Amino acid sequence: VSVTFIRASGERINAKGKVGDNLLDVIVNNNIDLDGFGACEGTLTCSTCHLIFKPADYERLPDKPGDEELDMLDLAYDLTDTSRLGCQVILTKEMDGLEVTVPATVNDARSA
Ligand code: FES
Numbered sequence: 001v002s003v004t005f006i007r008a009s010g011e012r013i014n015a016k017g018k019v020g021d022n023l024l025d026v027i028v029n030n031n032i033d034l035d036g037f038g039a040c041e042g043t044l045t046c047s048t049c050h051l052i053f054k055p056a057d058y059e060r061l062p063d064k065p066g067d068e069e070l071d072m073l074d075l076a077y078d079l080t081d082t083s084r085l086g087c088q089v090i091l092t093k094e095m096d097g098l099e100v101t102v103p104a105t106v107n108d109a110r111s112a
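For the sequence shown, position 63 matches number 63 in the UniProt record's numbering, and the numbering has no gaps at all.
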């Protein structure tokens with residue numbers, strides 16, 4: 001499953017993941033250097049894995065965010081209607097070619 005992460009700078013990072021990986025796994029496994037991303041390692045106690053989906057992709061995601069995820073997202077900078085926490089989004093075959101935006105403020109969030 002190929003996933004493209006788009007940095008706020010516009011830089012596009014192509015990555016590969018397996019069905020069943022979450023988007024945090026994809027970033028870690030592809031050694032993508034996103035400073036501060038995924039601080040809690042997927043335990044739903046941070047909001048640094050915030051990713052912004054295109055509306056059509058967001059609608060296609062197999063599951064909706066749970067209450068805990070929504071609570072954490074409330075703390076995220078630059079929250080949008082199509083935001084998710086990357087560690088909670090599990091790849092499916094249908095998601096091949098997905099493009100997600102990494103909010104600029106991931107770095108700011110860490111140094112804050
Ligand atoms: S890595 Fe912390 S909530 Fe996803």
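Ideal placement from N, C-alpha and C gives every residue a C-beta, glycine not left out.
Because the structure is a prediction, the values reported are computed rather than measured.
Quick one: residues in its chain with C-beta nearer than 7 Å to the C-beta of residue i, no 5 flanking neighbours on either side, listed in chain order?
i      : result
Ala112 : Here Ala112 scores only 45 on pLDDT, less than 50, and its place in the model should not be relied on; the value that follows carries that caveat. Closer than 7 Å at the Cβ level, and outside the excluded window around Ala112, lies no residue.
Pro62  : Thr92
Taking C-beta to C-beta, are residue i and residue j nearer than 8 Å?
i     : j      : result
Leu98 : His50  : no
Asp67 : Pro103 : no
Measuring alpha carbon to alpha carbon, tell me which of the options ends up nearest residue i.
i     : options                 : result
Leu23 : Gly10, Gln88 and Pro103 : Gln88
Ala8  : Asp35, Ser47 and Arg60  : Asp35
Ile32 : Ile13, Asp21 and Cys40  : Ile13
Using a Cβ-Cβ cut-off of 8 Å (strictly less than) and excluding sequence neighbours within five positions of residue i, which residues of its own chain qualify?
i     : result
Asp57 : Thr82, Met95, Leu98, Glu99 and Val100
Pro65 : Leu73, Arg84, Leu85 and Gln88
Residues in the same chain with beta-carbon distance under 6 Å from residue i, minus the five sequence neighbours each way, listed in chain order, please.
i     : result
Lys16 : Ser2
Contained alpha helix (DSSP H) runs [length at least 4] in the UniProt domain "2Fe-2S ferredoxin-type" (1-106), N- to C-terminal order: 23-29, 55-60 and 67-73, all fully within the UniProt domain "2Fe-2S ferredoxin-type" (1-106).
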